[in-house]
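Below is one structure, written out as structure tokens; the observations come after it.
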Amino acid sequence: MADIEIEIDGNIVNAKAGEMLITVTDREGISVPRFCYHKKLSIAANCRMCLVDVEGAPKPQPACSTPIADGMKIHTQNEKAKASQKAVMEFLLINHPLDCPICDQGGECELQDVAMDYGSDVSRFTEGKRIVADSDIGALIQTDMTRCIHCTRCVRFGAEVAGIMEMGGTGRGEDMKIEPFLTEGIQ
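Just so you know, the sequence shown maps onto residues 53 to 239 in the numbering used here.
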């Protein structure tokens, strides 16, 4: 693949045609928030936290699944990108318990870190938070499904790294659950 030039936040950057935008921003040290993306896993593009403004695109694009092309102009920090990222964060926090001080992951949590930059201390939503029963995924995996944001990293890790094709997402939206396809759990 040939080298091409793109513009990110007003800076000219050289990259390879077809590279995913998030790969280029990471290499250039440009911070783009994300939850579902991991460089060693397949692209899911389901959290939408990495939305950026691409000039000429009708709406913000996920940096993790947007291949770059010569001459692209990308804004990761303009008002459109920031508003999109804040909206996604607000939706992720609708059902997430806001009890960080007593959570086992308090202080070591990606969601907490990103929420500090992109979240708000006030929600427009007044509905009660959902409570999800923990799935018995197996003796080796501990879950707290009420805290799950459906990034599917665990599913993709199981399938792509561990070779375990026994777990996945069932349902949609608020009803989605990460669970084993069979009732015995993962061995």
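Idealized CB from N, CA, C, for every residue including glycine. Note that this is a predicted model, so its numbers are computed, not measured.
Checklist entry - What span of residues does the beta strand (DSSP E) with Thr204 cover, start to end? => result Note, Thr204: premise wrong, no beta strand (DSSP E); not H, not E.
Item to check | Met219 - containing beta strand (DSSP E), residue span | outcome: Met219 to Thr222 is the span of the beta strand (DSSP E), which, as asked, contains Met219.
Checklist entry - Would you say Asn66 and Asp55 are within 8 Å of each other, going by their C-beta atoms? => result Cβ distance < 8 Å, so Asn66 and Asp55 count as in contact.
Checklist entry - Looking only at DSSP bridge pairs, what is Met231 linked to? => result In the sequence as displayed, the identity of residue 231 is Glu instead of Met. Answer is Gly220.
Next on the checklist: Alpha carbons only, please: which of Leu163, Asn147, Val207 and Gln157 is nearest the one belonging to Thr178?
Outcome noted: When each option's Cα is compared against that of Thr178, the closest is Asn147.
Item to check | N- and C-terminal bounds of the beta strand (DSSP E) containing Lys125 | outcome: In the DSSP assignment, Lys125 falls within the beta strand (DSSP E) that extends over Lys125 to His127.
Checklist entry - Which runs of the alpha helix (DSSP H) spanning at least 4 residues fall entirely within the region 132 to 209, listed in chain order? => result Counting only runs of 4 or more, we get 162 to 170.
Checklist entry - Do Phe233 and Gly215 have their C-beta atoms closer together than 8 Å? => result No, the pair does not count as a contact, with Cβ atoms beyond the cut-off.
Next on the checklist: Just checking Thr118 against the ligand NAD - is the residue's beta carbon closer than 7 Å to any of the ligand's heavy atoms?
Outcome noted: This structure does not include the ligand NAD; it has no bound ligands of any sort.
Checklist entry - Among Asp227, Glu231 and Ala115, which one has its Cα closest to the Cα of Arg205? => result The shortest Cα separation from Arg205 among Asp227, Glu231 and Ala115 belongs to Glu231.
Next on the checklist: Counting beta carbon pairs with one atom in the region 129 to 136 and one in the region 101 to 110, are three or more of them shorter than 8 Å?
Outcome noted: Under the Cβ criterion (8 Å, minimum of three pairs), the region 101 to 110 counts as touching the region 129 to 136.
Next on the checklist: Let's test the definition: count the other Cβ atoms within 10 Å of the Cβ of Leu192 and tell me whether it reaches 16, buried, or not, exposed.
Outcome noted: Residue burial annotation: Leu192 is exposed, with fewer than 16 other C-beta atoms found within 10 angstroms of its C-beta.
Next on the checklist: Taking a contact to mean a Cβ-Cβ separation below 8 Å, would you say Leu93 touches Arg208 in this structure?
Outcome noted: Contact: yes.
Item to check | Exposure of Thr222, with buried meaning 16 or more beta-carbon neighbours within 10 Å | outcome: Classification for Thr222: exposed.
Item to check | Beta bridge counterpart(s) of Asp55 as assigned by DSSP | outcome: Answer is Lys68.
Checklist entry - Are there 16 or more other CB atoms within 10 angstroms of the CB of Gly171, so buried, or fewer, so exposed? => result The residue is buried, with at least 16 neighbouring Cβ atoms inside 10 Å.
Item to check | Limits of the beta strand (DSSP E) - the one that Val104 falls within | outcome: Counted as a single uninterrupted DSSP element, the beta strand (DSSP E) harbouring Val104 occupies residues Leu103 to Val106.
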